[in-house]
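Chains as they are written, first to last, in this note's numbering: chain E, 105 to 598; chain B, 102 to 196.
A virtual CB, placed ideally from N, CA and C, is assigned to each residue, including glycine.
Read the structure below first, then the notes.
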């Protein structure tokens, strides 16, 4: 088997069996990045020397018989995770030269388990976007294209670089974050798997903050099992994050093999949105059929406040972002545009350093939190958020998991949906409710549309029951047998 | 909801983002559009509903009130655009 075709699990087995060294494996991925990143722009920063140093340490550990869960496994790290001594930009001009003096907890956990970091993956600026168009370092290109059409497509966002890198086989897996769908939607657009775990499962310490009550880290990888391996390493209690959950990390890999026999799977009728392409509806029904064949019971359920999820999100997330991004003031984080006085220095630094979408969201957040408007917008949104959570709490008394489409469309072309911010926001209609309620959600590649583009199905579960989510996701993956590959990939025809 | 130009300028001031006069019109349109769209929440009956403030369904933890870090001024100042000794430096704010 060529190294291009390895899953993370297979690469780990190969390393342990000494079929190849970590150095060889890392060299393979660095060469693939070298060849394809100029076209994909999936990485903002590539760290070959550091990766080879990690790989040599991994080979030494393997030689001593001290391999950990990820020893020698090359990964891409979303450029929102602070990495000690390695530039971390959040895809923003305002952090263009920021070199963190510390390591985020999630990346420290991966390093503890032996992972090799290839570099920092591109994203929408401060993770704000659904197309990776807002990056100050240029858009990421989706490795998939429509049949008979070479127009560059977006990889989804905000974790577009992570998803494109994995889909094009430039890494075995990647870290990502999800505030409103930023793991699941790009996973769906790029034909790979990705899970946003329960809020609190992964520490947020050292992850550049966007909306603190919604942000959650998780992995993207080629298979559901690979995601389970990565999440097992990324997750865990961290006293440095006050919202980190103090509970043991279950064996997610074992959960993938549980099967779905006897499970009750809910189908929320409100996710049947108007204007959704018929092929997504068909794929959804097919997915439910697969689960039924494997012994699950399908139950129609209702989540009545679904339609208000996005509007609630676009109050809560900008409000939190306007507070979190106040720290970029031209004093502490490398970028400064001078002014006649301190206020002008702030205003000029932020005008020059932030892109248009980030400015829009900061301004919306500032407005909804401003005196006289707080109750009408922010407080009301928090109440609707409580109703969205109640919808899920009620439904999870009746069913073990929910299955829905991940996104209302396949990947679209660069330039499409760009004229109106709200059109772009509608991408996240099926993913946002999981962030509002804190529940886990996984996207699994399930089929292709008529133009040959991947489509994902989403599995939602009870808080801290990622195990059932992995069980259902694996069952869908097995039945779908998704084997299609993007045209632009390492090992593909150029 | 339609914002007037003065409100757009006031929000920009509060957000400490310089907005040039030429940008006000476009921002007015975009922000008004987003605010009108989120006003659909007015149709939800939230009478008696307690607001949900966070993503974690648990109580905040207390920790011991002790120093756990410090003495790393050089590391922190390494990212400062301007410094004076062990301090961040900014333009003069007091005459």
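With C-beta atoms as the reference, is residue 194(E) less than 8 Å away from residue 229(E)? Yes, they are a contact pair.
Starting from residue 147(E), follow the beta strand (DSSP E) in both directions and report where the run begins and ends. Unbroken beta strand (DSSP E) run through residue 147(E): 147 to 150.
Which residue comes first and which comes last in the beta strand (DSSP E) that contains residue 389(E)? Counting along the chain, residue 389(E) falls outside any beta strand (DSSP E), though it belongs to the alpha helix (DSSP H) covering 382 to 397.
Quick check: is the beta carbon of residue 567(E) nearer than 8 Å to any beta carbon in chain B? Yes, its Cβ sits closer than 8 Å to a Cβ of chain B.
Name the DSSP bridge partner or partners of residue 372(E)? Answer is 405(E), bridged to residue 372(E).
Is residue 410(E) close to chain B, meaning its C-beta is less than 8 Å from at least one C-beta of that chain? So no, residue 410(E) is outside the interface.
I'd like the span of the beta strand (DSSP E) that includes residue 300(E), first residue to last. Where residue 300(E) is concerned, the enclosing beta strand (DSSP E) stretches over 297 to 300.
7 Å Cβ cut-off: residues of chain B touching residue 428(E): Chain B residues near residue 428(E): none, gap ~13 Å exceeds 7 Å.
Residue of 335(E), 117(E), 155(E) minimising C-alpha distance to residue 301(E): Nearest to residue 301(E) by alpha-carbon distance, out of 335(E), 117(E), 155(E), is 335(E).
Near residue 105(B), what residues of its chain come up, given a Cβ to Cβ distance below 8 Å and the 5 sequence neighbours on each side ignored? Closer than 8 Å at Cβ, skipping near neighbours: 129.
Could you name the residues that DSSP lists as bridge partners for residue 560(E)? Paired residues: 549(E).
Three-state class that DSSP yields for residue 290(E) in the structure shown: In the structure shown, residue 290(E) adopts helical secondary structure according to DSSP, grouped into three states.
Say yes only if the C-beta of residue 511(E) is nearer than 7 Å to one or more non-hydrogen atoms of the ligand SAH, and no if none qualify. Within the structure as shown, the ligand SAH is missing, as the structure has no ligands at all.
Any C-beta of chain E under 8 Å from that of residue 106(B): Against chain E, the CB of residue 106(B) has no partner CB under 8 Å away; the residue lies outside that interface.
Please state if the CB of residue 208(E) and the CB of residue 310(E) are separated by a distance shorter than 8 Å. Result yes, Cβ atoms of residue 310(E) and residue 208(E) sit closer than 8 Å.
Looking only at its own chain, which residues have a Cβ that is under 6 Å from the Cβ of residue 500(E), when we skip the five neighbours before and after it? Closer than 6 Å at Cβ, skipping near neighbours: 566.
Evaluate the contact criterion for the stretch 322 to 340 of chain E versus the stretch 429 to 446 of chain E: three or more CB pairs, one atom per stretch, below 8 Å. Touching, no, given that fewer than three Cβ pairs across the two stretches are closer than 8 Å.
According to DSSP, residues forming a beta bridge with residue 259(B): Residue 259(B) cannot be examined here, being either before or after the span of chain B that is shown, 102 to 196.
For a contact defined as C-beta to C-beta under 8 Å, what are the partners of residue 131(B) on chain E? Using a Cβ-Cβ cut-off of 8 Å, residue 131(B) is close to 464, 525 of chain E, given in chain order.
Sequence ranges, alpha helix (DSSP H) only - wholly within the stretch 170 to 242 of chain E, length at least 4: Taking only runs of at least 4 residues, the alpha helix (DSSP H) segments lying wholly in the stretch 170 to 242 of chain E are 209 to 216.
Beta carbons nearer than 8 Å to chain B: which residues of the stretch 339 to 357 of chain E have them? Along the stretch 339 to 357 of chain E, going in chain order, the ones with a CB nearer than 8 Å to a CB of chain B are 343, 346, 347, 349, 350.
Secondary structure of residue 352(E), DSSP reduced to three states: Coil at residue 352(E), not helix or strand.
Could you tell me whether the Cβ atoms of residue 544(E) and residue 560(E) are closer together than 8 Å? Taking 8 Å as the cut-off, the beta carbon of residue 544(E) is found no closer than this to the beta carbon of residue 560(E).
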